[in-house]
Amino acid sequence: MKILVCISNVPDTTTKVKFKEENTLFDDSGVQWIINPWDELALTRALELKEDAGNSVDEVSVIHVGGAQTDVTLRKALAIGADKAIRIDACPADAYSVAGQIAAYLKENPFDIVFSGIESSDYNGSSVGAMIAEFMDYSGVSSVTSVAFEGDELILYRAIPGGKQKIKAKIPLVAVVQKGIATEPRIPAMRGIMMARKKPLEVKPAIEMQILTKSVKFEMPEAKGACKMLDAEHVEQLLELLKNEAKVL
Amino acid sequence: MSVIAFAKNWNGKFKNSSYELVSYTKNLASQLNTKFIIVSIGEVKEEELKSLGKYGAERIISVNNSQMNTLTSRVYAQVISELAEKEGASTIIMSDNESGKAIAPRISVKMKAGMVAAVLELPITINPFVVKKGAFSGKAFEYVQIDSPVKVITIAKNCFGLKENQVDVSIEEYAPQLDASLFKIQVLEEEKQTNRMDLADADIVVSAGRGMRSPDNWGIVEELAAVLGAATACSRPVSDEGWRGHEEHVGQTGKVIAPNLYFAAGISGAIQHVAGISRSKCIVAINTDPEAPIFGVANYGIIGDVMDVLPKLTKAISNSK
Amino acid sequence: MNFEFTEEQLMIRDAARDFAQRELLPGVIERDDKATYPTEQVKRLGELGFLGMLVGLEYDGGGMDTISYVLAMEEISKVDSSVSVIMSVNNSLVCWGVEKYGTEAQKQKYLKPMARGEKIGAFLLSEPEAGSDATSQRTTAVDMGDHYLVNGTKNWITNGKSASTYIVMAQTHSELKHKGINVLIVDAKSEGISVGPHENKMGMRASDTCSVMFNNVKVPKENRLGEEGFGFKLAMKSLEGGRIGIASQALGIASGAYELALKYAQERKAFGKEIIQHQAIAFKLADMAVEIEAARFFCLKAAWLKDQGKPYGHASAMAKLYAAETAMKVTTEAVQIHGGYGYVKEYHVERLMRDAKLTQIYEGTSEIQKIVISRGLIA
Numbered sequence: 000m001k002i003l004v005c006i007s008n009v010p011d012t013t014t015k016v017k018f019k020e021e022n023t024l025f026d027d028s029g030v031q032w033i034i035n036p037w038d039e040l041a042l043t044r045a046l047e048l049k050e051d052a053g054n055s056v057d058e059v060s061v062i063h064v065g066g067a068q069t070d071v072t073l074r075k076a077l078a079i080g081a082d083k084a085i086r087i088d089a090c091p092a093d094a095y096s097v098a099g100q101i102a103a104y105l106k107e108n109p110f111d112i113v114f115s116g117i118e119s120s121d122y123n124g125s126s127v128g129a130m131i132a133e134f135m136d137y138s139g140v141s142s143v144t145s146v147a148f149e150g151d152e153l154i155l156y157r158a159i160p161g162g163k164q165k166i167k168a169k170i171p172l173v174a175v176v177q178k179g180i181a182t183e184p185r186i187p188a189m190r191g192i193m194m195a196r197k198k199p200l201e202v203k204p205a206i207e208m209q210i211l212t213k214s215v216k217f218e219m220p221e222a223k224g225a226c227k228m229l230d231a232e233h234v235e236q237l238l239e240l241l242k243n244e245a246k247v248l
Numbered sequence: 000m001s002v003i004a005f006a007k008n009w010n011g012k013f014k015n016s017s018y019e020l021v022s023y024t025k026n027l028a029s030q031l032n033t034k035f036i037i038v039s040i041g042e043v044k045e046e047e048l049k050s051l052g053k054y055g056a057e058r059i060i061s062v063n064n065s066q067m068n069t070l071t072s073r074v075y076a077q078v079i080s081e082l083a084e085k086e087g088a089s090t091i092i093m094s095d096n097e098s099g100k101a102i103a104p105r106i107s108v109k110m111k112a113g114m115v116a117a118v119l120e121l122p123i124t125i126n127p128f129v130v131k132k133g134a135f136s137g138k139a140f141e142y143v144q145i146d147s148p149v150k151v152i153t154i155a156k157n158c159f160g161l162k163e164n165q166v167d168v169s170i171e172e173y174a175p176q177l178d179a180s181l182f183k184i185q186v187l188e189e190e191k192q193t194n195r196m197d198l199a200d201a202d203i204v205v206s207a208g209r210g211m212r213s214p215d216n217w218g219i220v221e222e223l224a225a226v227l228g229a230a231t232a233c234s235r236p237v238s239d240e241g242w243r244g245h246e247e248h249v250g251q252t253g254k255v256i257a258p259n260l261y262f263a264a265g266i267s268g269a270i271q272h273v274a275g276i277s278r279s280k281c282i283v284a285i286n287t288d289p290e291a292p293i294f295g296v297a298n299y300g301i302i303g304d305v306m307d308v309l310p311k312l313t314k315a316i317s318n319s320k
Numbered sequence: 000m001n002f003e004f005t006e007e008q009l010m011i012r013d014a015a016r017d018f019a020q021r022e023l024l025p026g027v028i029e030r031d032d033k034a035t036y037p038t039e040q041v042k043r044l045g046e047l048g049f050l051g052m053l054v055g056l057e058y059d060g061g062g063m064d065t066i067s068y069v070l071a072m073e074e075i076s077k078v079d080s081s082v083s084v085i086m087s088v089n090n091s092l093v094c095w096g097v098e099k100y101g102t103e104a105q106k107q108k109y110l111k112p113m114a115r116g117e118k119i120g121a122f123l124l125s126e127p128e129a130g131s132d133a134t135s136q137r138t139t140a141v142d143m144g145d146h147y148l149v150n151g152t153k154n155w156i157t158n159g160k161s162a163s164t165y166i167v168m169a170q171t172h173s174e175l176k177h178k179g180i181n182v183l184i185v186d187a188k189s190e191g192i193s194v195g196p197h198e199n200k201m202g203m204r205a206s207d208t209c210s211v212m213f214n215n216v217k218v219p220k221e222n223r224l225g226e227e228g229f230g231f232k233l234a235m236k237s238l239e240g241g242r243i244g245i246a247s248q249a250l251g252i253a254s255g256a257y258e259l260a261l262k263y264a265q266e267r268k269a270f271g272k273e274i275i276q277h278q279a280i281a282f283k284l285a286d287m288a289v290e291i292e293a294a295r296f297f298c299l300k301a302a303w304l305k306d307q308g309k310p311y312g313h314a315s316a317m318a319k320l321y322a323a324e325t326a327m328k329v330t331t332e333a334v335q336i337h338g339g340y341g342y343v344k345e346y347h348v349e350r351l352m353r354d355a356k357l358t359q360i361y362e363g364t365s366e367i368q369k370i371v372i373s374r375g376l377i378a
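Line by line, the protein sequences are chains A, B and C.
Just so you know, we're using numbering that gives the first Met the number 0 here: the first sequence kicks off at 0 and counts up by one.
Just so you know, we're using numbering that gives the first Met the number 0 here: the second sequence kicks off at 0 and counts up by one.
Just so you know, we're using numbering that gives the first Met the number 0 here: the third sequence kicks off at 0 and counts up by one.
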């Protein structure tokens, strides 16, 4: 059984966001890049499934669409424990083209399970995983908070409003995962870091893919007015303001 | 050319987000100077379908099929795409929730339609078709242009609001031809926390952080939430420590929410937390530390111990009822 | 000259930072307060490979360079020096000597489990009456033919209780003075060894420091590390590397306190503006930043020399002296910037200040470093 984890390369979550060229481009100067937090959790869970001897997972690979500068992020995934990394050499233009590139690889190199994080913390698209499922004509389960094997089938939990559903699914499958899938992302061990360069990082040429959407410009949110400070001894004042000023009660 | 919107139901009932979807779609259709159709999938009673008319849904296509009560994204996507093609729809809309996230991307691929998720307003321009969405987890906004003839968007909760506009409703039934091989996933059981308000749907959220000092103190958070009819939430350290379940974690890597009113009790307001609540209409912060960054994003602030302030608030609200 | 870190070095630094922030920070105040040994945290330190990061891959270590070690020590010491001292002792004082001078059998038996972090080691040099003056060892190892018979008491032993393997300095031929000293690898469970109570320390309260008593302890001959009489030299050589570890620890204590003070100064307001806008505070932070950067260069230079196979004793003494003095100064200023909050445990800086003091004392006091440095000047 083989698991493929889709990885996106995003600015560290503490980054102060800035734009350049009249707000049409993200200013990445001085930005530290990380594995998208949800993807990192997905990778962690994939590795847990592989390490559990009861399962027959024999490969966990990661795939990413991006330029050579993102190899550092892929090697981090290898250091954490992925067996192989694949980078499709293309600028990730929109979710449709990224999913199309990954699907093209999958058609040549089949995997049984594909994990994708619920969204990326930069452009906040949330579509790549489900798009891959459609390109591949695979089943898909979204909002997944837990995955385990039951024989050759998978038992997944999907978050729904006010609760969760227990789902049984056959492979091949795309699982779009969210928080809960693994407790914490893994910290790479020293040996893992030293072995990362020895593991395969395959660079594949991109296929021709149409781009359907494009980013036009960015905008920073307007600064909020000053916070009105109220007396802890007179909370009824707050209620009054919530009712009559903010009109939210 | 028309607009088609998929209104999700939960056990045969619509929610405010479904009505907001209808309001948004009606306004988008008039912006595009065209008609719109609302699609419902799964068993929904006629009366419930008609409730969509309050927000302007004149024409509803209902796939009243019990086999489709639970979400199977492949099946839903196929049905909606079929209808979109049949009706010549150029824009397909759904809510940005667990079903929209699963279905919209599939429709995008099926119809080679550019897709944007979690749109915040009506399109800024329709030719070219440009929509506004959040980026960098609420730290910025992005304008995205969709260039394909068919467009798919999902709309963020509370982005548009409810606009009443009572009309007469016509309901058509549609029975798609479905291949059994599409149903490869099977829902075995469903666990619901019935007495709990869901975070994503709640208009009011009472959220608490490490300032609570111990999980044993959460009673006062729940009491305040109960008198307000609010959902409870928490900050990341609290969920990481296991004081509360991760389904309550609000923030950049947890849930991103947009309630009307958000109480941040004993939450310092780390940048990642703020990213998850910045679309709230009104934020109230309660913290002992007057320098806590949460006051920088709050509309109202109280400097004080949550253990003392929360019970006072609960009492004041009960008294005012 | 090249001031760029490699991708691996940065990845190690980030891994150490994530570990410190995620797994050491929660509970660090309580462990210090109750002087609780960080059992779980040390286990994780071993799993991640930090305890044997300098040991070669062939002996189950991380195979990393000393630059990486400085970066990791700094990140871990920003949060919890009680943990980083365990890492420093195991890597620099214990594993290094066994890897460099041990026989293949010693490496297989003792080095591998320590490099994997499954067992930890302790370095037994100090005695009640031999601290800075390490030549006057009173512990004896009498040559009994097939074994040594060890008697004596060792003091201030980091990992004294938790270690499985002791590296023990003992006098075999007292007439040869320091040239009669041997280093023995001793199984901590050997008969005749007893461990004193946990010292109630001012700082680094969670690390275990105690005295170890030897009463007719039999140590097999094959457990001698290096040639007969090489012990003192080996100990001094080990300390040269150990000083890079402690210098990096002091650097981490300083930069941890500085980061907290910088953050606080940007949040805390007085007289209508953030206190960092007041020159009195801004200049303090500027001085702190400069001294920390200088200490970092000292540490990295010593590490670089060691990695290049060049002599590093002089550089590591300078690094240890400067970093320890900087740690004391910077942590004191960090408490000052925090005002009253700095004096309470919740804000971390008072702990860092207490921890900093020890870096001026152990593995050679600041005064001893000056002896080492000045002798180097003459020679």
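Heads up, the beta-carbon is just placed ideally off N, CA and C, and yes, glycines get one too.
If you count every other CB in all the chains shown that lies within 10 Å of the CB of residue i, and 16 or more means buried, which is it?
| i | result |
| --- | --- |
| HIS245 of chain B | buried |
| CYS249 of chain A | Because chain A here runs from 0 to 248, residue 249 of chain A falls outside it and cannot be looked at. |
| ILE156 of chain C | buried |
| ASN8 of chain B | buried |
| THR134 of chain C | exposed |
| ALA279 of chain C | exposed |
| LYS106 of chain C | buried |
Mind listing the chain A neighbours of residue i? Cutoff is C-beta to C-beta under 9 Å, in chain order.
| i | result |
| --- | --- |
| PHE18 of chain C | ILE186 |
Going by Cα to Cα distance, which pick from the options is closest to residue i?
| i | options | result |
| --- | --- | --- |
| GLU57 of chain B | B:LYS25, B:ARG73, B:ASN64 | B:LYS25 |
| LYS309 of chain C | C:LEU56, C:GLU239, C:PRO196, C:LYS176 | C:GLU239 |
| LYS83 of chain A | A:SER60, A:ASP136, A:LEU153, A:PRO171 | A:SER60 |
| VAL147 of chain B | B:ASN32, B:THR69, B:VAL108, B:LYS254 | In the sequence under discussion, the amino acid at residue 147 of chain B is Ser, which differs from the Val named in the question. Of the listed residues, the one whose Cα sits closest to SER147 of chain B is B:VAL108. |
| ILE367 of chain C | C:HIS347, C:LYS319, C:LYS328 | C:LYS319 |
| GLY133 of chain B | A:GLY66, A:SER138, A:ALA129, A:SER125 | A:SER125 |
| GLU163 of chain B | B:PHE5, B:VAL305, B:LEU223, B:GLY52 | B:GLY52 |
| LYS217 of chain C | C:GLY45, C:LEU124, C:GLU190 | C:GLU190 |
| ILE106 of chain B | A:ARG44, A:LEU237, A:VAL97, A:ILE131 | A:ILE131 |
| VAL149 of chain B | B:GLU86, B:GLY113, B:ILE92 | B:GLY113 |
| LYS153 of chain C | C:TYR165, C:TYR147, C:MET143, C:ASP142 | C:TYR165 |
| ALA158 of chain A | B:GLU240, B:TRP242, B:GLU189 | B:GLU189 |
| PRO36 of chain A | A:ALA45, A:SER28, A:LEU105, A:ASP11 | A:ASP11 |
| LEU351 of chain C | C:GLU73, C:GLU3, C:ALA234 | C:GLU73 |
| LYS14 of chain B | A:LEU3, A:ASP121, A:LEU40, A:GLY161 | A:GLY161 |
| GLY255 of chain C | C:GLU292, C:SER237, C:ALA281, C:GLU273 | C:GLU292 |
| THR153 of chain B | B:LEU27, B:THR287, B:LYS280 | B:LEU27 |
Show which residues of chain B have a CB atom less than 8 Å away from the CB atom of residue i.
| i | result |
| --- | --- |
| GLY12 of chain C | First, the amino acid is wrong: residue 12 of chain C is Arg here, not Gly. By Cβ distance, chain B contributes nothing, its closest Cβ being about 21 Å from ARG12 of chain C, past 8 Å. |
| PHE217 of chain A | ALA134, ALA139, PHE140, GLU141, TYR142 |
Closer than 7 Å by beta-carbon distance: list the chain A residues that pair up with residue i, in chain order.
| i | result |
| --- | --- |
| SER147 of chain B | LEU211 |
Give me the chain B residues within the contact set of residue i, using Cβ-Cβ distance strictly less than 9 Å, ordered along the chain.
| i | result |
| --- | --- |
| ARG267 of chain C | GLU290 |
List the residues of chain C whose Cβ lies closer than 8 Å to the Cβ of residue i, in chain order.
| i | result |
| --- | --- |
| GLU183 of chain A | ARG21 |
Mind listing the chain A neighbours of residue i? Cutoff is C-beta to C-beta under 8 Å, in chain order.
| i | result |
| --- | --- |
| MET168 of chain C | Under the 8 Å cutoff, chain A gives no residues; its nearest Cβ is about 29 Å from MET168 of chain C. |
| HIS248 of chain B | LYS178 |
Beta-carbon of residue i versus every beta-carbon of chain E: anything under 8 Å?
| i | result |
| --- | --- |
| HIS245 of chain B | Absent here is chain E; the protein component of the structure consists of chains A, B and C. |
Complete runs of the beta strand (DSSP E) confined to the segment 87-142 of chain C [at least 3 residues]: You should have 120-123, 139-142.
Within the segment 89-164 of chain B, ranges of the alpha helix (DSSP H) (whole runs, at least 4 residues): 97-109
Chain-ordered residues of the segment 61-84 of chain A with a beta carbon less than 8 Å from chain C: VAL71, ARG74, LYS75, ALA78
Alpha helix (DSSP H) segments (min. 4 residues) lying fully within the segment 28-73 of chain A: 36-50
Chain-ordered residues of the segment 188-203 of chain A with a beta carbon less than 7 Å from chain C: ALA188, MET189, ARG190, ILE192, MET193
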